[in-house]
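Written out below as structure tokens is the structure these notes cover.
Protein chains in written order, with the working numbering: chain A, 1 to 266; chain B, 1 to 262.
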């Protein structure tokens, strides 16, 4: 285990070194006018801006709005996707019937929906939530569908031999299998929800990180744009770590897939 | 009631498309007997077992279970599969309890029974492990408990130990022999290993090579019980039986080989 911790901390140190090298080069190039600071800003200025935003409390309400929209679109999209995925997974005829429409829906670039949602739901949070839902829905839908379809037939036979009714089969075999797929796609669906929500805010909003970036862009304030991105990056890292822990807890019956971890036999 | 055969196959056939896998097989398995089915690989042993389980139905003919015609899943049977069939998202205890939980036992009662089985299969202290954390032999033991905890009248086993190493396999065979002799359960055991079949069974059925598999022989095994699985293989009577059955089985295995190579 100590071996594992050592390897892991080495990686973290290297990651931090890499980040500081990139930031250092950027800072140096801007400071010595190798690149134009007007277009590229300076890491020190960006950090000062982020510091100012957090110290004055200016950024919190925007951050909160973005997070709220993300969570709402994730919850609504997941519920819709899981229910429809489960239903179509168990009804092959209905799945075949709807197949082309679902493909078309999924192929549609979501960005083009943003103006329509703006018209329908207004400038508030619901137009962004709607955009996020269209993204999360398909990810969760496809994963649930696969989870239900690709259950090992042996598990179904075994449960039936042990006396499972179709309801019990769903509860003990099909749903857990689908949940496995949904949980393993948590990272992607949350990440995509954030992306969709920020794009929505960027295209028209009165609040949120995407709105901040759009505002800064409107006045050629590159420092403000990069500061918005930095806040977003930080949030994505935090959310990613939280989701990782959650996933590990929910899928604790699965072998650990950390490439650095030794084979564990607890 | 006691005289009814546990399983009676009446002229059953099974075709997959235009291929006739099993043709006109009839037999009876008396209650509380341990019967092994041997035959060349791919001869339809598993298909036969799946029909007795009610997972597939015969194209023709009928199967009776304790005198009643079998429709749908065989409710009096438990099935031990060749591959692992434990639910990966349930712990060892959850898997052992599974059958009881499906039958609507109270949580307390089923846990109590599962704990007893956990001890019986020698996995005390492993109750909260997940299947991926166990070795192949341990998983088989959990499968045995999962299967026998529901106290089935009939246990169907499809080469359950073929993937295990020799020593683990030997211990599993002892476990099964022990369980079968202490309960009133009828066992139908599919294997390709003739030694295993003779050592465990009261009777050995030999199937012919595919396609159009038939039942070519039934051999009662009159070796005394309880049996010691180590010593029995050097027993004279055992070796005579082995020679006799192998003579018939060999013909089928060679036929199968000819078919594959021609």
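Think of the CB as a built atom: it goes at the ideal place given N, C-alpha and C, for glycine as much as any other residue.
Minimum C-alpha distance to residue 26/B - residue among 139/B, 206/B, 161/B: By one-based count along the second chain, residue 26/B stands at place 26. Here the closest residue by C-alpha is 206/B.
Answer yes if the stretch 126–143 of chain A comes into contact with the stretch 70–89 of chain A, meaning at least three C-beta pairs across the two stretches below 8 Å, and no otherwise. yes
With a cut-off of 8 Å, do at least 3 Cβ pairs link the stretch 207–224 of chain A to the stretch 2–22 of chain B? no
Can you give me the C-alpha to C-alpha distance between residue 132/A and residue 210/A, rounded to a whole angstrom? Stepping through the first chain from its first residue, residue 132/A is reached at position 132. Stepping through the first chain from its first residue, residue 210/A is reached at position 210. Going from the Cα of residue 132/A to the Cα of residue 210/A covers about 13 Å.
At 8 Å on the CB atoms, spell out the chain B contacts of residue 253/A, in chain order. Your numbering for residue 253/A matches position 253 in the first chain. Near residue 253/A (Cβ distances below 8 Å), the residues of chain B are 88, 89, 90, 91, 130, 131, 132.
Check distances from the C-beta atoms of the stretch 156–173 of chain A to those of chain B and list, in chain order, the residues that come in under 9 Å. Those residues of the stretch 156–173 of chain A that come within reach of chain B (Cβ to Cβ, closer than 9 Å) are 157, 158, 159, 160, 161, 162, 163, 164, 165, 168, 172, 173.
What is the residue span of the beta strand (DSSP E) that residue 92/A lies within? Numbered from its first residue, the first chain carries residue 92/A at position 92. Per DSSP, residue 92/A lies in no beta strand (DSSP E); the unbroken alpha helix (DSSP H) holding it starts and ends at 92–107.
Reduced DSSP secondary structure (H/G/I, E/B, other) of residue 231/B: Translated into positions along the second chain, residue 231/B becomes position 231. In the structure shown, residue 231/B sits in a helix (DSSP, three-state: H, G or I).
Contact under 8 Å by Cβ, residue 48/B with residue 92/B: Residue mapping note: residue 48/B aligns to position 48 of the second chain, counting from 1. Residue mapping note: residue 92/B aligns to position 92 of the second chain, counting from 1. Not a contact, by the Cβ cut-off of 8 Å.
Does residue 146/B pass the burial test, meaning 16 or more other C-beta atoms within 10 Å, or should it be called exposed? Your numbering for residue 146/B matches position 146 in the second chain. Buried, since its Cβ has 16 or more Cβ neighbours within 10 Å.
List the whole-angstrom C-beta distance separating residue 68/A from residue 125/A, where the pair is believed to meet the contact cut-off of C-beta under 8 Å. Indexing the first chain from 1 puts residue 68/A at position 68. Indexing the first chain from 1 puts residue 125/A at position 125. Taking a contact as a CB-CB distance under 8 Å, the pair residue 68/A and residue 125/A counts as one, their CB atoms being some 7 Å apart.
Using a Cβ-Cβ distance under 8 Å, would residue 246/A count as near chain B? As a working note, residue 246/A is residue 246 in the first chain. For residue 246/A, the answer is no, since every Cβ of chain B falls outside 8 Å of its Cβ.
According to the Cβ coordinates, are residue 173/A and residue 156/B closer than 8 Å? Start at 1 with the first residue of the first chain, and residue 173/A comes out as number 173. Start at 1 with the first residue of the second chain, and residue 156/B comes out as number 156. Against a cut-off of 8 Å, the Cβ pair of residue 156/B and residue 173/A comes out as no contact.
Span separating the alpha-carbon of residue 82/B from that of residue 19/A: Along the second chain, one-based indexing puts residue 82/B at 82. Along the first chain, one-based indexing puts residue 19/A at 19. Spanning the two alpha carbons is a distance of roughly 52 Å.
Within its chain, find whatever has a CB closer than 6 Å to the CB of residue 232/B; leave out the 5 residues flanking it on each side and keep chain order. Taking the second chain and counting its residues from 1, one reaches residue 232/B at position 232. Same-chain partners within the cutoff: 199, 238.
Please confirm if residue 55/B has its CB atom under 8 Å from at least one CB of chain A. The sequence position of residue 55/B within the second chain is 55, counting from 1. Yes, its Cβ sits closer than 8 Å to a Cβ of chain A.
Using a Cβ cut-off of 8 Å (strictly closer), state whether residue 75/A contacts chain B. Start at 1 with the first residue of the first chain, and residue 75/A comes out as number 75. Residue 75/A does not count as touching chain B.
Quick check on this structure: which residue in 236/A, 146/A, 24/A has the alpha carbon closest to the alpha carbon of residue 42/A? As a position in the first chain, residue 42/A is number 42, starting the count at 1. Proximity to residue 42/A across 236/A, 146/A, 24/A peaks at 24/A, based on C-alpha coordinates.
Is residue 189/B closer than 8 Å to residue 36/B when the C-beta atoms are compared? Start at 1 with the first residue of the second chain, and residue 36/B comes out as number 36. Start at 1 with the first residue of the second chain, and residue 189/B comes out as number 189. It is a contact, given that the beta carbons lie within the stated cut-off.
Should residue 97/B be labelled buried (16 or more other beta-carbon atoms within 10 Å of its own) or exposed? Along the second chain, one-based indexing puts residue 97/B at 97. When all chains shown are included, residue 97/B counts as buried.
Taking residue 154/A as the query, report the chain B residues whose CB atoms sit under 7 Å from its CB, ordered along the chain. As a working note, residue 154/A is residue 154 in the first chain. 81, 83, 85, listed in chain order.
When you compare only the Cα positions, how much space is there between residue 212/B and residue 256/B? Within the second chain, residue 212/B is the residue found at index 212, counting from 1. Within the second chain, residue 256/B is the residue found at index 256, counting from 1. Cα to Cα, the separation comes out at about 12 Å.
With a threshold of 7 Å (Cβ to nearest heavy atom), would residue 123/B be considered close to the ligand MN? No copy of the ligand MN appears in this structure; indeed no ligand is present at all.
Please confirm if the stretch 213–226 of chain B is in contact with the stretch 238–251 of chain B, defined as three or more CB-CB distances below 8 Å between the two stretches. yes
Between the Cα of residue 74/A and those of 36/A, 52/A, 62/A, 136/A, spot the shortest distance and give me the residue it belongs to. Within the first chain, residue 74/A is the residue found at index 74, counting from 1. Taking only the C-alpha atoms, the option nearest residue 74/A is 136/A.
Just to make sure I have the definition right: I need the residues of chain A whose C-beta is within less than 9 Å of the C-beta of residue 73/B. Which are they? As a position in the second chain, residue 73/B is number 73, starting the count at 1. Residues of chain A passing the Cβ test: 160, 161, 163.
Any beta carbon from chain A within less than 8 Å of residue 44/B's own beta carbon? As a first step, residue 44/B is located in the second chain; it is residue number 44 there, counting from the start. No, its Cβ sits nowhere closer than 8 Å to a Cβ of chain A.
Would you report the Cα separation of residue 16/B and residue 243/A, rounded to the nearest angstrom? The residue given as residue 16/B occupies position 16 in the second chain. The residue given as residue 243/A occupies position 243 in the first chain. Cα-Cα distance, rounded: 48 Å.
For a test of the three-state rule: what should DSSP assign to residue 1/B, helix, strand or coil? As a working note, residue 1/B is residue 1 in the second chain. In this prediction, residue 1/B scores a pLDDT of 47, lower than 50, which makes its location untrustworthy; the coordinate-derived value is nonetheless stated afterwards. Coil.
For residue 79/B, which beta-bridge partners are listed by DSSP? The residue you call residue 79/B lines up with position 79 of the second chain. The partner list for residue 79/B (beta bridge, DSSP) reads 156/B.
Once you ignore the five residues that flank residue 263/A on each side, which residues in its own chain have a CB closer than 8 Å to its CB? The residue given as residue 263/A occupies position 263 in the first chain. Residue confidence is low: residue 263/A scores 48 on pLDDT, short of 50, so the model does not pin down where it sits. No coordinate-derived value is stated.
When the Cβ atoms of the stretch 157–164 of chain A are set against those of the stretch 52–62 of chain B, are three or more pairs found closer than 8 Å? yes
Would you call the stretch 189–196 of chain A in contact with the stretch 95–108 of chain A, where contact means no fewer than 3 C-beta pairs closer than 8 Å? no
State buried or exposed for residue 175/B, treating a residue as buried only when at least 16 other CB atoms are found within 10 Å of its CB. The residue given as residue 175/B occupies position 175 in the second chain. The residue in question, residue 175/B, is buried, as its Cβ has 16 or more Cβ neighbours within 10 Å.
Chain-order list of residues whose beta-carbon lies under 6 Å from that of residue 247/A (same chain, five-residue window excluded): Numbered from its first residue, the first chain carries residue 247/A at position 247. Excluding the 5 residues flanking it on each side, residue 247/A has same chain C-beta neighbours closer than 6 Å at 183, 186, in chain order.
Classify residue 158/B: buried if its beta carbon has 16 or more other beta carbons within 10 angstroms, exposed otherwise. If you number the second chain from 1, residue 158/B lands on position 158. It is buried - the Cβ of residue 158/B has at least 16 other Cβ atoms within 10 Å.
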